[in-house]
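Below: one structure, written as structure tokens.
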Amino acid sequence: MKEIVKRGWRLINPFNKAAAPELIGIIGTGRGTGVTHFAVMTAGYLTGVMRMRCAVLEWNNHQSFHSMGVACCGAKRGEDSFRVLETDYFGNAGVDTLLLCKKSGYQAVIVDYGAAKDGNLEEFFRCGRQIIIGSLSEWQISEFLEFEKREMKVKKSWDSLVSFGSEEARKSLEKRLKVSVRRIPFTLDPFSVTAETISFYEHLF
């Protein structure tokens with residue numbers, strides 16, 4: 002497995018750069034769990050640290066990428082693609098966008114599917130790497146529990162992450178579900194890559 006040295010960190014490339022692009026699907030158990038924030042963080046790690054060519058697709062109707070494009074690089078109305086810090090972003094994405102990215106030499110394609118209730122679960126489960134993001138906030142934890150228990154019946158495999166809530170609640174959830182639930186490092190700027198986020202992704206990948 003290829004090793005990469007970056008700013009004093011001895012890192013291992015988690016994906017085979019010579020193979021087809023790694024498809025990483027990210028979906029939330031509800032709205033407001035931080036899926037888009039995490040998708041941008043993941044792209045920052047893969048491009049900035051692992052030096053991989055990466056694309057991020059917004060496969061939902063939230064239109065967050067349009068606002069991001071306007072704020073970050075002055076994208077105009079109707080422009081669905083833009084680049085920020087070596088990562089290519091595609092809004093209003095779907096099957097055609099995904100096929101285009103698979104043919105365009107990307108080594109990793111991250112797909113933001115929004116919330117599970119938006120109806121993108123079938124596409125999400127086709128991804129080679131599946132990441133579920135929930136929240137331990139009192140008004141959102143029931144959605145997390147409901148999703149995990151319901152989908153476990155069909156024997157799907159994914160990484161379960163949480164963005165908000167106490168450490169006590171996270172440990173309690175792990176015991177109830179009997180699965181690992183990792184905490185996403187807190188960062189105000191999803192485009193920044195810190196020592197903490199590097200350590201987190203080394204363990205995740």
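Position 135 of the sequence shown, counted from 1, bears residue number 136 in my numbering, the numbering being contiguous throughout.
For every residue, glycine included, the Cβ atom is placed at its ideal position computed from N, Cα and C.
- Under the DSSP definition of a beta bridge, A109 partners with E23 and C55.
- Excluding sequence positions up to five before and after A117, its CB lies within less than 7 Å of the CB of I28, G29, T30 and F148, all in the same chain and listed in chain order.
- In this structure, the beta-carbon distance from D160 to I132 falls below 8 Å.
- Closest option to A72, judged by alpha-carbon separation, among N62, N61 and R84: R84.
- Inclusion of S136 and T34 in the CB contact set at 8 Å is warranted, their separation being smaller than that value.
- Relative to the Cα of Q108, the nearest Cα in the group A40, K176 and A44 belongs to A44.
- Around the C-beta of F187, fewer than 16 other C-beta atoms lie within 10 Å, and the residue is accordingly described as exposed.
- Annotation: D81 to S65 spans about 11 Å, alpha carbon to alpha carbon.
- In the pairwise beta carbon analysis, the region 51 to 69 is classified as touching the region 86 to 97: at least three pairs are separated by under 8 Å.
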